[in-house]
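In the numbering used here, the protein residues as written are 57 to 225. Working notes, structure below.
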Amino acid sequence: MNILLSEDEIRVRVAQIAAEVNRDFAGRPLTVVGILTGSLVFLADLIRRIEVPLKIGLIQASSYCGETTTAGELRINDALLTDVRGRDLLLLDDILDTGHTLTRIVAHLNAKGAASLRTCVLLRKVGRQQVPFEPDYTGFSIPDKFVIGYGLDYDDDYRHLPYIGELTP
Ligand code: XMP
């Protein structure tokens, strides 16, 4: 296992992002929407550093079984989403890769009547994007490697690792 981002590096960066969110949303209640399952660990760490009142919503996006990256077809399940109408949203994802997932979910949430929407990704893979998408907050830019840990998985394993590593054969 090649460790790309240590537990300490992640903690420091998450605190910096939370400070930016606290500044940008000062006095404005927020709904943090996490994309399941990859954003769970990031969401848990980030929200505990956010100081504005917040609600949590969850949304699931899955590509078809067993794939390691997102294909064209995406299923969106919003059964666990709170009411986002008129709310300021902060949408969290673990990683921006091709950009299709976030593009689709942003459109979905806007169609549900969000008052405003900002996006935050922990990781952004360099050189992989297929659709233009600029997150408002980005934790780290990383090379085009398949990564696991801190919520990210391979076949649903490794999500519990406290660091982010490159999956090696
Ligand atoms: P797109 O391509 O739609 O993809 O931006 C975002 C989703 O793809 C998954 N993904 C990964 N998951 N390690 C993972 O565990 C990776 O290196 C990786 N690259 C993409 C992830 O579900 C993300 O939300």
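We put the beta carbon where it would ideally sit given N, CA and C, even for glycine.
Between K201 and the set G169, L158, I151, H216, the nearest pair of CA atoms involves I151. When secondary structure is reduced to three states using DSSP, V88 falls in the strand class.
Proximity to P191 across P199, L147, G183 peaks at L147, based on C-alpha coordinates. Across the set R143, S119, N78, the C-alpha of R143 shows the shortest separation from the C-alpha of K111.
In this structure, D134 has its CB at a distance of at least 7 Å from all heavy atoms of the ligand XMP. Exclusion of the five residues before and after P218 leaves E63 as the residues of its chain whose Cβ lies within less than 6 Å of its Cβ. Contact between D149 and I91 holds: CB atoms are separated by about 5 Å, below the 8 Å threshold. Beta-bridge partners of F196 (DSSP): L179.
Taking non-hydrogen atoms of the ligand XMP into account, the C-beta of T154 is found less than 7 Å away from one of them. A Cβ-Cβ distance of about 7 Å is found for the pair L223 and V203, placing them in contact under the 8 Å criterion.
For F189 and R131, the gap between their C-alpha atoms comes out near 20 Å.
Counting only runs of 3+ residues, the beta strand (DSSP E) found wholly inside the segment 127-189 occupies 130-133, 144-152, 172-181, in chain order. Checking the 7 Å criterion, the Cβ of T157 is within range of a heavy atom belonging to the ligand XMP. The Cβ neighbour count for R180, taken over all protein chains shown within 10 Å, is at least 16; the residue is labelled buried. The beta carbon of F81 is closer than 6 Å to those of V108 in its chain, skipping five residues each way along the sequence.
Between A100 and the set Y214, Y206, P225, the nearest pair of CA atoms involves Y206.
In the structure shown, L99 adopts helical secondary structure according to DSSP, grouped into three states.
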